[in-house]
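*Asks:* Sharing a structure, written as structure tokens. Questions coming.
Protein chains: 2
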Amino acid sequence: MKHATLRQLKVFESVARNLSYTRAAEELHLTQPTVSIQLKQLTDIVGFPLLEQIGKRIFLTELGKELLKVARATFDNFSRFEMLVSDIKGVKAGKLRVTVITTAKYFVPRLLGSFYKRYPGIEVFLTVTNRERVLQRLANNEDDLYILGQPPEHMDVHAEMFLENPLVVVAACDHPLAGQTGIPIGRIAEEPFLMREQGSGTRLSAQRFFGDRGMQLKIRMELGSNEAIKLAVAGGLGIAVISAHTLALERNSEELSILDVEGFPIRRQWYLAYPAGKQLTVVSSAFRDFLKEESRAVANRYLAGIPGFLPVMSNTDLPE
Amino acid sequence: MKHATLRQLKVFESVARNLSYTRAAEELHLTQPTVSIQLKQLTDIVGFPLLEQIGKRIFLTELGKELLKVARATFDNFSRFEMLVSDIKGVKAGKLRVTVITTAKYFVPRLLGSFYKRYPGIEVFLTVTNRERVLQRLANNEDDLYILGQPPEHMDVHAEMFLENPLVVVAACDHPLAGQTGIPIGRIAEEPFLMREQGSGTRLSAQRFFGDRGMQLKIRMELGSNEAIKLAVAGGLGIAVISAHTLALERNSEELSILDVEGFPIRRQWYLAYPAGKQLTVVSSAFRDFLKEESRAVANRYLAGIPGFLPVMSNTDLPE
DNA sequence: GTAAACGATAGATATTTATCTATGATATAT
DNA sequence: ATATATCATAGATAAATATCTATCGTTTAC
């Protein structure tokens with residue numbers, strides 16, 4: 004049976020439907036002998052007659068009926084698959100699996116949301132996890148795209164920057180430094196700091212920033228989440244360095260204030276990454292384009308107005 | 004997609020399962036380049052990658068997973084079909100459609116019953132109808148086999164005799180002729196006869212029998228069924244010529260008696276028929292053999308003991 | 001850094017295949 | 001009885017297919 008060809012099945016289906024070799028030949032734009040031969044081959048492979056001729060009329064044998072079912076099921080499967088292919092081509096179907104580093108959760112869901120709205124046929128899966136797990140998933144090719152704060156080294160990865168990720172100093176609104184301009188770095192370094200645990204990219208960047216200037220931060224507390232840090236800062240327990248995106252929702256609240264510190268914001272970027280050899284799916288590719296396009300607007304909307312921050316990207320879209 | 008080959012699907016399935024071209028090549032007893040090429044062709048046909056290679060590892064793309072489903076479904080269908088073929092070959096599956104003329108209903112069901120018991124996997128369909136419909140179904144190739152009392156002429160049919168069908172004269176047990184031996188035909192012809200309607204094969208035979216001898220029967224009543232005739236005969240309304248098989252169940256009853264009339268029983272036969280060009284299915288062929296074999300036993304069991312009847316068939320099986 | 005493993009590619013070849021035209025056999029219709 | 005329609009078969013041919021060996025470029029592992 005594995006020696007049968009789809010061609011034979013196709014011809015058989017036509018003959019079975021028309022109950023005529025000649026008619027089938029016409030339908031398939033073949034000569035009648037060609038149909039005869041294809042059918043003979045198929046019959047030889049099966050070992051039993053599929054058709055019988057009584058007088059001039061042609062009938063399907065029991066086996067013929069069964070094979071017809073098989074043939075039709077097969078062609079149905081194929082055409083369903085072909086439809087899927089063309090849907091995927093038109094981004095009307097497909098899956099998008101994105102894994103992002105924890106800090107990115109403040110703006111990625113919003114973007115995925117609008118992306119999904121533009122392509123309602125697709126399925127979106129978002130995983131939010133720490134850097135280590137992101138890199139692990141990247142290495143295991145578990146997702147389509149990855150978003151993180153610094154591109155992995157020692158790994159063959161294609162990474163591209165798509166959005167600024169400025170780190171700012173925040174304090175409670177009633178903090179003495181709130182509202183001041185051009186605060187010297189040395190002044191800030193004296194304040195008690197609230198920090199994420201060791202290994203946090205933000206913490207690393209902040210410590211390097213002060214370290215490079217010969218200062219060491221006084222860390223009062225380590226907290227497990229950005230939310231906790233913001234609450235603690237608002238509660239007056241200290242000041243903190245956090246990603247401006249983290250403030251997206253609180254920007255206009257009365258509780259936190261971004262301090263205008265010399266040298267701040269620390270410039271960091273968001274990167275979109277995927278394994279070097281990987282050919283992006285149509286959906287992934289569409290999301291990549293979408294991400295570049297949208298992130299500019301996001302940058303202008305949410306990052307403008309940060310003291311000392313100047314977007315590098317072209318400002319065709321200005322904030323309202 | 005119609006240009007894909009089953010070979011390509013087979014190779015793809017193996018690669019997808021092993022996630023390795025080399026392993027797949029080993030499994031299929033091919034060289035690795037062959038696998039590469041087959042897969043490349045399939046990928047070109049689909050138009051999108053089915054597999055992706057990240058570093059040294061191979062992954063299925065979303066489309067690859069879908070195609071794998073299609074491939075597996077296809078092969079499953081084929082192997083199910085192959086199982087059906089081999090079941091049919093071993094008469095463990097299949098259908099048997101038999102159409103018989105009304106009179107044959109007295110012994111065919113019994114035979115079909117034992118046939119079914121021997122081959123429990125098959126499905127049996129029995130149609131009982133009049134001669135006209137039998138011939139019609141034969142012409143339309145609606146069934147596998149046909150049983151009738153005289154082979155059709157003016158029709159390209161293969162027919163073979165398989166059983167004697169003696170026509171006997173029956174009377175009520177208390178009829179004056181009951182028990183007498185060597186009753187002259189002339190004596191019988193005086194009796195009032197009960198007959199099936201015009202067109203009945205039995206009636207035709209009986210009338211021809213007496214006509215050939217220059218006699219004409221006195222027909223008292225026409226009745227629509229053999230059962231009605233038997234009841235009427237038992238009730239003393241007259242005598243009748245009927246097939247001995249019709250008496251199969253009543254043979255030992257006290258109501259009817261077979262008369263020992265000169266020249267009786269009229270010899271008729273049962274024929275098995277099917278369209279000339281038709282190649283019998285395995286099941287049909289098995290039933291044909293079964294029929295020949297069993298009908299001898301039936302003949303001996305039910306037809307022996309009919310006054311004046313001498314089976315033509317060899318009597319290796321003697322009646323108990 | 002070197003070796004081993006893996007997949008891609010090139011080039012060659014024998015086989016199979018798909019197809020045609022021409023013709024023959026058979027059955028139905030006129 | 002003849003013509004027509006239908007399917008089977010034979011013979012020919014161009015195309016494709018399936019496969020191999022040999023070799024190359026990468027990636028991983030030691």
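These protein sequences, in sequence, are chains A and B. Take any residue in the first sequence, note its place counting from 1, add 3, and you have its number in this note's numbering. Take any residue in the second sequence, note its place counting from 1, add 3, and you have its number in this note's numbering. Even for Gly, the Cβ is constructed at its ideal location relative to N, Cα and C.
1. Report the three-state DSSP secondary structure of A/K221 (helix, strand or coil).
2. Ordered along the chain, which non-local residues of its own chain (more than five positions away) have a Cβ less than 8 Å from that of B/A3?
3. Which residues, in chain order, does the stretch 275–299 of chain A contribute to contact with chain B at a C-beta distance below 9 Å?
4. Can you give me the Cβ contacts of A/A192 inside the same chain, cut-off strictly under 8 Å, excluding the 5 residues immediately before and after it?
5. Would the stretch 117–130 of chain B count as touching the stretch 69–79 of chain B if we require 3 or more Cβ pairs under 8 Å?
6. With 8 Å set as the bound, which would you pick, yes or no: does the beta-carbon of A/A76 sit closer than that to a beta-carbon of chain B?
7. Are the beta-carbon atoms belonging to A/L99 and A/V127 less than 8 Å from one another?
8. Counting Cβ pairs closer than 8 Å, one from the stretch 286–295 of chain A and one from the stretch 230–245 of chain A, do we hit at least three?
9. Can you give me the start and stop residues for the alpha helix (DSSP H) that A/T14 sits inside?
10. How many Å lie between B/K108 and B/P154 at the Cα?
11. Which full runs of the beta strand (DSSP E) of 3+ residues lie inside the stretch 119–156 of chain A, going along the chain?
12. In angstroms, rounded to a whole number, what distance separates the CA positions of B/R206 and B/A300?
13. In whole angstroms, what is the alpha-carbon distance linking A/E85 and B/A28?
14. Can you tell me where the beta strand (DSSP E) holding B/L63 begins and where it ends?
15. Consider the Cβ of A/V137: report whether some Cβ of chain B lies at a distance smaller than 8 Å.
16. Going by the beta-carbon positions, is the gap between A/I188 and A/E265 smaller than 8 Å?
17. Mark B/H178 as exposed unless 16 or more other C-beta atoms lie within 10 angstroms of its C-beta, in which case mark it buried.
18. Per DSSP, what kind of secondary structure is B/T102 in: helix, strand or coil?
19. Would you check if the stretch 36–43 of chain A and the stretch 16–26 of chain A touch, i.e. whether three or more CB-CB distances between them fall below 8 Å?
20. Specify, as a first and last residue, the run of the beta strand (DSSP E) that A/F213 falls within.
21. If the cut is a Cβ gap below 8 Å, which residues of chain B does A/T8 touch?
22. Give a yes or no on contact between the stretch 138–150 of chain B and the stretch 90–104 of chain B, applying the rule of three or more CB pairs nearer than 8 Å.
23. By DSSP, does A/R291 sit in helix, in strand, or in coil?
24. Is the CB-CB distance between A/L141 and A/T77 below 8 Å?
25. Identify each residue in the stretch 90–115 of chain B for which the Cβ-Cβ distance to at least one residue of chain A is less than 7 Å, and report them in chain order.
26. So B/V236 is in the alpha helix (DSSP H); what residue range does that whole segment cover?
27. From the DSSP output, which residues share a beta bridge with A/R75?
28. Starting from A/F81, find everything on chain B with Cβ-Cβ shorter than 9 Å and list it in chain order.
29. For B/T64, go through chain A and note every residue whose CB falls closer than 9 Å to its CB, in chain order.
30. Along chain B, in chain order, which residues have C-beta atoms closer than 8 Å to that of A/L330?
31. Assuming A/V172 is part of the beta strand (DSSP E), what are its boundary residues?
32. Near A/S17, which residues of its chain fall below 7 Å by C-beta distance, leaving aside the five closest residues on each side in sequence?
33. Is B/Q272 closer than 8 Å to B/L138 when the C-beta atoms are compared?
34. Could you work out which residue in B/C176, B/H6, B/V14, B/R83 is closest to B/D47 when comparing CA atoms only?
35. Please state whether DSSP places A/M198 in a helix, a strand or coil.
36. Against A/G308, what residues of chain B qualify as contacts under a CB-to-CB distance less than 7 Å, listed in chain order?
*Replies:* The answer reads as follows:
1. strand
2. Lying outside 4 to 323, the shown extent of chain B, residue 3 of chain B is not represented and no answer is given.
3. P278, A279, G280, K281, Q282, T284, V285, V286
4. F213, M218, Q219, L220, K221
5. no
6. yes
7. A/V127 sits close to A/L99, with the two beta carbons spaced by under 8 Å.
8. no
9. Reading the sequence as shown, one finds Val at residue 14 of chain A and not Thr. Counting along the chain, the alpha helix (DSSP H) containing A/V14 begins and ends at 9–21.
10. 17 Å
11. 126–132, 148–151
12. 27 Å
13. 27 Å
14. 60–63
15. Not an interface residue.
16. yes
17. buried
18. strand
19. yes
20. Careful: A/F213 lies outside any beta strand (DSSP E), inside the alpha helix (DSSP H) at 204–215.
21. T8, L9
22. yes
23. helix
24. no
25. I91, G97, K98
26. 229–237
27. DSSP output for A/R75 lists no bridge partner at all.
28. M4, K5, A7, V73, T77
29. Q282, T284
30. Within the shown structure, residues of chain A are numbered from 4 to 323, placing residue 330 of chain A beyond reach of any answer.
31. 170–175
32. A27, E30, L31
33. no
34. Nearest option by C-alpha distance: B/H6.
35. Three-state result, A/M198: strand.
36. Near A/G308 there are no residues of chain B at all, since even the closest Cβ is about 41 Å away, more than 7 Å.
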